[in-house]
Amino acid sequence: MAGFLIAKSGPLKGRVTISGAKNAALPVMAATLLTEDICLLEGVPVLEDINVMSELLTYFGAQIERQGTALKIDNSNVKPGPAPIDLVRRMRASFLVMGGLLSRFGSAKISLPGGCAIGTRPIDLHLKGLAAMGADITLGHGYIEARAEGLTGGRIYLDFPSVGATENIMIAAALANGHTVLENAAGEPEIIDLANFINGMGGHVRGAGTDTIKIEGVKKLPGCSHTIIPDRMGAGTYMPAAAIAGGDIILTNVIEEHLRPVEAKLQEAGIQIYSVDEGLRVICERDKPGQCPLAPLDLKTMPYPGFPTDMQPQMMALMCTIPGTSMITETVFENRFLHVSELKRLGAKIKIEGRTAIIEGTEHLQGAQVKATDLRAGAALVLAGLAAKGTTEVTDIHHIERGYEDMDIKLRMLGATIKRIP
Ligand code: UD1
562 MAGFLIAKSG
572 PLKGRVTISG
582 AKNAALPVMA
592 ATLLTEDICL
602 LEGVPVLEDI
612 NVMSELLTYF
622 GAQIERQGTA
632 LKIDNSNVKP
642 GPAPIDLVRR
652 MRASFLVMGG
662 LLSRFGSAKI
672 SLPGGCAIGT
682 RPIDLHLKGL
692 AAMGADITLG
702 HGYIEARAEG
712 LTGGRIYLDF
722 PSVGATENIM
732 IAAALANGHT
742 VLENAAGEPE
752 IIDLANFING
762 MGGHVRGAGT
772 DTIKIEGVKK
782 LPGCSHTIIP
792 DRMGAGTYMP
802 AAAIAGGDII
812 LTNVIEEHLR
822 PVEAKLQEAG
832 IQIYSVDEGL
842 RVICERDKPG
852 QCPLAPLDLK
862 TMPYPGFPTD
872 MQPQMMALMC
882 TIPGTSMITE
892 TVFENRFLHV
902 SELKRLGAKI
912 KIEGRTAIIE
922 GTEHLQGAQV
932 KATDLRAGAA
942 LVLAGLAAKG
952 TTEVTDIHHI
962 ERGYEDMDIK
972 LRMLGATIKR
982 IP
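Position one of the sequence shown corresponds to residue 562 (our numbering), numbered consecutively onward.
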């Protein structure tokens, strides 16, 4: 399996262009199932997860052409057969095709989803929403089957503002009969992007980005063109990289508002972040003795606009390098500390108490062989490797490549010493 070899690096200098957001592209691709017309998507990152969604849509009969970051999706010949287990297991977001298939064809059969090993990650909220719109749902032999003779809008309250459940329900409601009100909905920027896509096709979604989303179902949706928003997690990962290795970098293709929760925490630690014409400038002159003395942090992951759980491992890597005691409380996923044992192999001092990690930072991390256990955990190990003395080998980087486009190339362009090994 491929890996990254990383040497202690820094200061990082230069520009890094952020790709389109995987987590926005996946639900938008799933939502193209709502139409039999052609959809043109721009800014779609070249990533393994996007390939899985493309394979899944193609399996149903879609014709997909990619040119660089543009995807042309033609779903005119789609038929709702059972979604193959191997594709759905490879990526939890595969389950997002449920809403579109059910709403356009009246039936969908999908195996129980897989994805990153960061908790049990049930889909009860997706199913509760679809059932409230009149779907008849049965579970058996590892499959979930949903049937409906025309979905009907309803009032749905999510027990937790699940991103995926909000997206699946929004997609399903777009072609349902009547009005759907989704309360305690997730308000992540990716939800707004999905709403903009559905509305671009002629749908009626209002309130995306707030906790109440109202969807007026329409009879038919034509295709449309849409540009995917920049990846806030991608940008959010290079920001602490410049803090860990020290540096002065500019991130281009970013929406600063989406990065505010991350920006605020980094500024609290003492990192300078400025909005510039091209995007965001991140400065941490850590390489110069006595400069940029960083302060330990205390953070809690929360649904947006709280601190994103997808940035928690990368922030932990940063905290491992800041002398003093930092704390992280993970409230979104129950098992998202898999990177802790790997960071410890680099000499990090971390204690877990329930959902809280207590980190005693050190400026003396040591390179070692470590394993990426999931996407963001892998990114955190790469970042920690930038600060560790000697060489760090991160193995199992297929997890990282699910969600980061050319991470090694981008870091190398900033001056980091990182090499991909087969
Ligand atoms: C999405 C993101 C993922 C991110 C997560 C939280 C994509 C493709 N993935 O994942 O990167 O980490 O949001 O910001 O966009 N839950 C239930 N029942 C459900 C659904 C979720 O209990 O039916 C729980 C989950 O177990 C988890 C929490 O809700 O503890 C958040 O999950 P959710 O917001 O649904 O995450 P995903 O959509 O899977």
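The beta-carbon is built from N, C-alpha and C at its ideal position, and this holds for glycine as well.
Remember, it's a predicted structure, so these values are computed and weren't measured experimentally.
Around the beta carbon of T771, a 10 Å sphere encloses fewer than 16 other beta carbons of the protein chains shown; the residue is thus reported as exposed.
Using a cutoff of 7 Å, the CB of H819 does not count as near ligand 1, since none of the ligand's heavy atoms is closer than that. Checking the 7 Å criterion, the Cβ of L617 is out of range of every heavy atom belonging to ligand 1. For the 8 Å CB-CB criterion, A707 and S672 do not form a contact. Per DSSP, the unbroken alpha helix (DSSP H) holding G660 starts and ends at 658 to 666.
At least one heavy atom of ligand 1 is found less than 7 Å from the C-beta of S723. Boundaries of the alpha helix (DSSP H) around V649: 646 to 651.
Within the model, the alpha-carbon separation for D635 versus E603 is close to 15 Å. For the pair L782 and A733, the CB atoms are not nearer than the 8 Å cut-off.
Relative to the Cα of D792, the nearest Cα in the group E818, M762, K775, S786 belongs to E818.
Residue pairing for H787: DSSP places it in a beta bridge opposite L602. Remark: the shortest separation between the CB of I684 and any heavy atom of ligand 1 falls under 7 Å. N738 sits in a strand when the DSSP states are folded into three classes. Inter-residue distance for M614 and M590 is about 7 Å (C-alpha atoms, whole angstroms). According to the DSSP assignment, H687 belongs to the alpha helix (DSSP H) that extends over 685 to 693. Boundaries of the alpha helix (DSSP H) harbouring M876: 873 to 881, taken from the DSSP string.
For the pair of segments examined, the region 902 to 910 was found not to touch the region 824 to 842: the number of CB pairs separated by less than 8 Å stays below three. Excluding residues up to 5 positions away in sequence, L617, S655, F656, I671, S672, L673, P674, G675 lie with their Cβ nearer than 8 Å to the Cβ of V649 in the same chain.
I625 is bridged by DSSP to I634. Three or more beta-carbon pairs drawn from the region 739 to 749 and the region 862 to 880 are found closer than 8 Å, and the two stretches are therefore classed as touching.
In this structure, H687 has its beta carbon less than 7 Å from a heavy atom of ligand 1.
By the Cβ criterion, the region 804 to 823 is not in contact with the region 884 to 904, since fewer than three pairs of Cβ atoms, one from each stretch, lie closer than 8 Å.
With a beta-carbon spacing of about 11 Å, A949 and Q930 fall beyond the 8 Å limit used to define contacts. R916 has its CB no nearer than 7 Å to any heavy atom of ligand 1.
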